[in-house]
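Below you'll find the structure, written out as structure tokens, and then a few comments.
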Amino acid sequence: MTARRVLLRGARLVDPASGHDGVADVLVEDGLVAAVGDGEATRATIVDCGGLVLAPGLVDLHAHLRQPGREDKETVETGSRAAAEGGYTAIAAMANTEPVADNVAVIQEVLALAEKAGLCEVHPVGAITTGLAGEAMSEIGEMAGAGVRLFSDDGNCIPRSRVLRMALEYARAFDVVIADHCEDASLAEGAQMHEGYTSSFLGLAGQPAETEEIMAVRDVLLARLTGGRLHLCHLSSAGSVDAVRRAKAHGVRVTAEVTPHHLSLTDEDLTDYDTNRKVNPPLRSAEDREALRAGLAEGTVDAVATDHAPHAIEDKEQEFDQAPPGTIGLETALAVVLTDLVGPGRLTLSRAIEAMSTAPGRILGASGHGGPVEPGREANLVAFDPEVDWVVEAPFASRSRNSAFLGRTLRGRVVHTMFRGELVVQDGKAQR
Amino acid sequence: MIKHLLSMTQLSREDVTRVLDTANSFREVGTRVIKKVPALRGRTVVNLFYENSTRTRISFELAAKRLSADVINFSSGGSSVSKGESLKDTALTLQAMGADAIVIRHSSSGSPATLTRWVTASVLNAGDGTHEHPTQGLLDLYTIRERFGRIEGLRAAIVGDVLHSRVARSLTFGLSKMGAEVTLVGPPTLIPPDAPAWGAEVSYELDPVLPKLDVCYMLRVQRERQRQQFFPSVREYSSLYGLSRDRVAMLPEGCMIMHPGPMNRGVEIASDVADLPQSVITEQVTNGIAVRMSLLYLMLGGAS
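If you read the protein sequences in the order shown, they are chains A and B. The first sequence begins at 28 in the working numbering and counts up by one. The second sequence begins at 603 in the working numbering and counts up by one.
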């Protein structure tokens with residue numbers, strides 16, 4: 028649909044950036060929000076959104092789109108489609124591609140592929156170190172010049188404190204964010220899951236929560252030292268939430284994200300050796316999950332990020348210790364948050380939208396995303412039905428199907444996604 | 603009876619008793635001149651061994667053959683597996699060939715559970731990684747029950763590398779299910795987290811535990827664990843946790859000494875101790891065949 032004038036009518040508009048929460052019609056014209064409020068618009072295509080929630084389009088800080096290099100798992104196009112169907116209008120594409128996104132050429136390739144797909148904004152993440160090797164800093168300045176706002180060696184933790192210190196310091200010149208995957212490599216050696224009763228029962232090598240916490244504490248200390256902007260990826264443990272809370276109280280420039288699967292599942296969900304639930308960092312204890320939920324509700328944890336990690340069927344249909352970690356998440360993130368957090372009253376709907384759109388939009392520097400939904404702003408919006416139940420099952424818009432939530436019934440589903448004023452998803456289906 | 607045997611935890615107390623009772627009647631078969639009954643004639647049992655294990659494979663092979671089943675041995679070396687075939691494709695192949703039971707030994711914990719997703723055959727776990735070895739646990743229970751006439755109320759210690767031991771898991775779950783008291787003994791680095799939740803006591807010292815035992819079960823300790831820094835040296839391990847002649851003297855009369863094999867003589871068990879009359883290590887082997895016959899018979903519905 029390419030109508031120039033669209034009226035989204037009758038939805039409950041939840042827009043944390045403006046504080047708006049109530050029924051409002053939104054008129055979109057030429058890609059921009061033209062009016063918010065009551066009233067008819069002439070010559071507009073009317074999209075009935077009665078009973079739906081309308082919100083600024085979701086923003087994901089953490090997706091693996093696998094292109095270039097592993098187009099059998101995902102491409103920028105299929106990942107964008109999964110994102111759009113999941114209600115996202117902007118996503119960050121992680122740098123661990125083949126070749127690694129540690130230079131402007133790869134960044135520009137991803138940007139071009141995203142532009143061609145035209146389903147959402149893709150923000151390529153630049154590698155902090157060349158080849159993700161954790162040693163030599165990549166050309167952060169040049170990539171920042173090409174529009175990169177977020178840098179990460181995700182998948183790998185920056186092992187040497189000095190390297191991270193330099194990156195945090197250097198990045199200040201461009202006001203870009205350094206995102207770290209916190210993991211002490213020696214404590215994680217050989218680990219297949221969280222260490223605890225379940226791992227000992229299943230006979231799987233475990234890694235304790237301290238594997239992450241040691242590095243989370245180190246990282247916030249280095250952020251304090253350098254004044255750099257630090258972002259901690261996919262927190263999984265109570266101790267990491269504490270570290271962020273303390274750092275924020277001391278004015279350290281740190282933000283943090285948590286994934287829907289860490290908010291929803293625990294290590295006990297691995298008792299049938301389901302490789303789709305093998306993730307890194309691993310699913311942890313119920314107490315950790317509780318702390319993550321509380322940290323998200325209070326704002327210590329700023330954002331929900333998917334860590335969308337597509338893997339080929341044959342990679343996941345293996346012995347547990349041979350399967351790679353990761354779950355896809357773009358198409359289920361909103362529904363998981365609605366089902367497990369908003370539904371039971373652990374999170375307000377407004378805070379959920381803030382954590383999935385407004386806050387990550389700000390961290391990513393995605394200026395047209397995350398609201399406020401006001402006249403003159405780019406029309407990046409999602410409309411979802413908060414009451415509908417659906418079962419997670421293949422096929423997915425993603426090229427992969429390794430979802431930790433396969434078979435689960437979730438409540439709440441995306442109906443329309445509007446990207447730059449165009450309904451790229453209508454009635455749950457991508458339009459291209 | 604259960605369809606698959608993946609873990610000792612699946613079995614009820616009644617199931618265990620039934621397996622042991624049935625094994626009792628099969629043990630007599632092994633003493634005959636013609637050691638064979640026709641119970642599983644026409645059924646196919648596949649031994650799928652991704653890890654070398656002469657002892658367990660031969661035991662399963664003999665068990666199936668004594669029940670007149672057709673037995674196929676499939677080991678990873680020199681097969682399609684060494685050409686990179688996945689577990690799934692191997693499973694589908696065996697399925698297509700009409701296997702009724704698949705006995706699997708694999709270095710990855712959980713592989714038998716994974717296998718059940720792809721086959722209709724019964725799956726028997728013959729040891730998976732550091733998870734479980736339920737048939738070993740059952741044959742140990744059989745051996746203990748045979749000696750004492752009961753399991754309930756007995757006091758057992760399982761000594762050594764409990765963390766990495768599939769035998770320890772199956773036996774601990776089995777013993778506590780049957781009402782025995784279990785103490786896990788070893789250095790803290792080799793005792794799993796939350797071991798008390800297994801229904802066991804924990805002791806980091808061996809000597810105080812010895813005088814009250816009915817069963818002293820020694821686990822194999824791989825020298826590899828020293829390199830991984832679970833303990834500083836084999837010498838120190840052996841002096842703290844090895845079953846020496848002096849320690850045997852601290853055991854009450856009638857205490858059984860057990861070991862799942864293969865032994866590291868001089869590490870977890872002194873050579874002369876292994877050969878003492880209290881040591882029932884070869885009995886364990888003999889009983890293993892009867893227990894596996896019992897399981898195959900009960901699980902494959904031998905009566906039909």
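Where is the CB? At the ideal position from N, CA and C, for every residue including glycine.
Cα-Cα separation, Pro736(B) to Pro798(B): 20 Å
Practice task
Any chance you could list the beta strand (DSSP E) runs of at least 3 consecutive residues sitting entirely within the region 707 to 747 of chain B, in chain order?
Solution key: 724 to 730
(message) With three or more C-beta pairs closer than 8 Å as the rule, is the region 254 to 271 of chain A touching the region 292 to 302 of chain A?
(response) no
Margin query: Taking 8 Å as the cut-off, does the region 47 to 60 of chain A touch the region 221 to 232 of chain A (at least 3 CB pairs, one atom from each stretch)?
Written below: Contact between the region 221 to 232 of chain A and the region 47 to 60 of chain A is absent, because fewer than three Cβ pairs lie under 8 Å.
| query | I think Gly233(A) touches Glu216(A), with their Cβ atoms under 8 Å apart; what is that distance to the nearest whole Å? | reply | Contact between Gly233(A) and Glu216(A) is ruled out by a C-beta separation of about 11 Å, above the 8 Å threshold.
Discussion item. Distance cutoff 8 Å, beta carbons only. Does Leu487(A) sit that close to anything in chain B?
Written reply: The structure shown does not extend to residue 487(A), since chain A is modelled only from 28 to 459, so the question has no answer here.
> What does DSSP give as the partner residues of Gly233(A) in its beta bridges?
Replying inline: DSSP, once it has assigned bridges, lists Met220(A) as partnering Gly233(A).
Range covered by the beta strand (DSSP E) that runs through Glu148(A): 148 to 151
Check your understanding: Just the Cα atoms here: how many angstroms apart are Gly46(A) and Val80(A)?
Key -> 15 Å
Exercise for review: Report the rounded CA-to-CA distance for Met610(B) versus Leu365(A), giving the unit in angstroms.
Suggested key: 39 Å
- Item | Boundaries (first-last residue) of the beta strand (DSSP E) holding Phe446(A) | First-last of the beta strand (DSSP E) with Phe446(A): 436 to 446.
Q.
With a threshold of 7 Å on Cβ separation, who are the neighbours of Val811(B) within its own chain once the five nearest residues in sequence on each side are excluded?
A. Ala759, Thr785, Val787, Ser805
Of all Cβ atoms in chain A, is any one closer than 8 Å to the Cβ of His733(B)? yes
Inter-residue spacing [alpha-carbon to alpha-carbon] between Thr619(B) and His766(B):
27 Å
Practice problem: Measure the C-alpha to C-alpha separation of Gly903(B) and Glu885(B) and round it to an integer number of angstroms. | Solution: 27 Å
Next on the checklist: Tell me which residue opens and which closes the alpha helix (DSSP H) that Asn866(B) is part of.
Outcome noted: Element bounds for Asn866(B): n/a, residue is neither H nor E.
Exercise for the section: Could you list which residues in chain A have their beta carbon closer than 7 Å to that of Asp796(B), in chain order? Expected result: Gly223, Tyr224, Ser227
Do Tyr819(B) and Leu756(B) have their C-beta atoms closer together than 8 Å? no
Inset, instruction - Would you grab the beta carbon distance between Ala362(A) and Leu437(A) for me? Rounded to a whole angstrom, and I think it's under 8 Å. - result: 4 Å
Requested in this report: Using a threshold of 8 Å, state whether the C-beta atoms of Val415(A) and Gly84(A) are closer than that.
Outcome: no
- Task: Let me know the secondary structure DSSP gives Asn123(A) once reduced to three states.
- Result: Asn123(A) falls in the coil class under three-state DSSP.
- Indicate the three-state DSSP secondary structure (helix, strand or coil) for Phe411(A) in the structure shown. strand
CA-to-CA distance, Glu314(A) to Leu368(A), given in whole angstroms:
15 Å
Enumerate in chain order the residues of its own chain whose CB-to-CB distance from Ala671(B) is below 6 Å, with the five nearest sequence positions on each side excluded. Taken in chain order, the residues that qualify are Leu642, Arg645, Val647.
Per the DSSP calculation, Val335(A) is bridged to which residue(s)? Reading off the sequence, residue 335(A) comes out as His, not Val. DSSP lists Ala90(A), Thr354(A) as partners of His335(A).
### Message
Any C-beta of chain B within less than 7 Å: which residues of the region 293 to 311 of chain A qualify?
### Response
Asp299, Tyr300
Check your understanding: What residues in its chain sit with their C-beta under 6 Å from that of Glu783(B), if we drop five residues either side in the sequence?
Key -> Arg757
Practice problem: Helix, strand or coil for Gly801(B), going by three-state DSSP, please let me know. | Solution: DSSP places Gly801(B) in coil when its eight states are reduced to three.
- [ ] Can you tell me which of Arg176(A), Leu191(A), Val152(A) puts its alpha carbon nearest to the alpha carbon of Gly161(A)?
- [x] Looking at the Cα atoms, Leu191(A) is the closest of the given residues.
Legend entry - CA nearest to the CA of Asp874(B), picked from Leu900(B), Ser677(B), Gly844(B), Leu726(B): Gly844(B)
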